[in-house]
Amino acid sequence: MRIWLWMWWSLNDSAVTEAAVYRGSMPGQADNTDDAQRICCAYGMGRETHYKAGKAAGIGMGAFVTFEKVNKIYRTGEVEIQALHNVNFEIEEGEFCVIVGASGAGKTTILNILGGMDSLTGGCVVLDGQEVSAYNKKQLTDYRRYDIGFVFQFYNLVQNLIALENVELEAQICKEPLDAAQVLWEVGLQDRMGNFPARLSGGKQQRVAIARVLAKNPKLLLCDEPTGALDYNTGKSVLKLLQDTCRQKGRTVVVITHNQALTAMADRIITVKNGTVVSMVKNEHIVDIQDIEW
Ligand SMILES: Nc1ncnc2c1ncn2[C@@H]1O[C@H](COP(=O)(O)OP(=O)(O)OP(=O)(O)O)[C@@H](O)[C@H]1O
Ligand SMILES: [Mg+2]
């Protein structure tokens, strides 16, 4: 059987072969994704092949983002803090995903690992078929530069550059940036492009920060408590902008929050507790942010 497989494999793209394993149309038939993974590993197929094959077969390893048994231990001298323990989840392309949990649950650690800003102690992270957790330093730099757009709680704008220049600055380091003025227009700041951050309200500064990452044209938007510094109504309008960005532009957006009410607006809700994922649900009754009260 192995010889037969080897011949098949030599003649075909390995992803196609693996898709066939998934579908059960070749020797080593898999009844479920665990079986398929075991068989494919036995024949030395890599994770990227897994991803493409899963996608082709419409099951299993085809998710856009995969966290698999991710562990993170922070060591300070003699002290060890296990921030993440066997974290598993998946996010599909184009989804609006909310990661929710109490303070200290591990939300920021997850986001930083997904964004290539922190290393993991064990496990595997895959984005769009690429094993991010296996990247070297140079690859991680490129990954943060081209693939990821980060939105922080406190905006992190350059104070001595006007809104337009803040967006242009980010666009300059990317491969296929969008037009800075156009993106600012799209987030409703057409009249404020010439303002320095200090002249803008918190909500407008956060809009500039969102425009800045949108201009990068990234694969994934990661937002760590993006409304944490904003009042109720301004926070809602920023969340609406993120929700519209996901719905209208097809962007994959991940928002972390400790506010349980916000989960109602998500396609996927990942709940984190004590450093591990305690539930992951697809939301069947998505509510528009305008209709959520808390
Ligand atoms: N650099 C670090 N060094 C040591 N421990 C850390 C570090 N970063 C995070 N931790 C610890 O890891 C755990 C998870 O922290 P994390 O910041 O991910 O939580 P969080 O869910 O984002 O919390 P919050 O809602 O307060 O932002 C906490 O116990 C925290 O003290
Ligand atoms: Mg945090």
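Converting from the sequence shown to my numbering requires adding 25 to each position, the first position being numbered 1. Ideal placement from N, C-alpha and C gives every residue a C-beta, glycine not left out.
* Ignore the nearest five residues each way along the sequence and tell me which others in valine 212's own chain have a CB closer than 7 Å to its CB. => Arg232, Ile235, Ala236, Leu266
* To do: Flag threonine 166 as yes when its Cβ comes closer than 7 Å to any non-hydrogen atom of ligand 1, and as no otherwise.
  => no
* Asked: Does DSSP put glutamine 197 in a helix, in a strand, or in coil?
  -> Correct three-state label for glutamine 197: helix.
* Asked: Expressed to the nearest angstrom, what Euclidean distance is found between the alpha-carbon atoms of isoleucine 187 and alanine 127?
  -> 36 Å
* Asked: Would a C-beta distance cut-off of 8 Å place leucine 152 and aspartate 172 closer than the cut-off?
  -> yes
* Look at the alpha carbon of valine 90 and the alpha carbon of valine 176, and state the distance between them as a whole number of angstroms. => 18 Å
* Asked: Regarding aspartate 313 and ligand 2, is the C-beta to nearest heavy atom distance less than 7 Å?
  -> no
* Check whether the Cβ atoms of leucine 136 and valine 279 sit closer than 8 Å, and answer yes or no. => In this structure, valine 279 lies closer than 8 Å to leucine 136 by Cβ.
* Asked: Thinking C-alpha only, which one of His110, Ile124, Tyr99 is nearest lysine 307?
  -> Ile124
* Asked: Does DSSP put tyrosine 180 in a helix, a strand or coil?
  -> coil
* **Pairwise C-alpha distance: glycine 219 and valine 95** => 44 Å
* Asked: Roughly how many whole angstroms lie between the Cα atoms of glycine 275 and serine 144?
  -> 28 Å
* **Pair within 8 Å by beta-carbon distance, proline 202 and asparagine 258** => no
* tyrosine 332 by DSSP, collapsed to three states: which one? -> Because the chain spans 26 through 319 in this model, residue 332 falls outside it and cannot be assessed.
* Whole angstroms is fine: what's the gap from lysine 329's alpha carbon to cysteine 122's? => Residue coverage of the chain in this structure runs from 26 to 319, which leaves residue 329 outside it and unanswerable.
* Taking only heavy atoms of ligand 2 into account, decide whether any of them is closer than 7 Å to the Cβ of aspartate 143. => no
* Nearest to leucine 209 (by Cα), restricted to the options Lys229, Cys199, Ile198, Lys200 -> Lys229
* Roughly how many angstroms lie between the CA atoms of arginine 217 and arginine 224, to the nearest whole one? -> 9 Å
* At what residues does the alpha helix (DSSP H) containing isoleucine 322 begin and finish? -> Outside the displayed span of the chain (26 to 319) sits residue 322, for which this structure offers no information.
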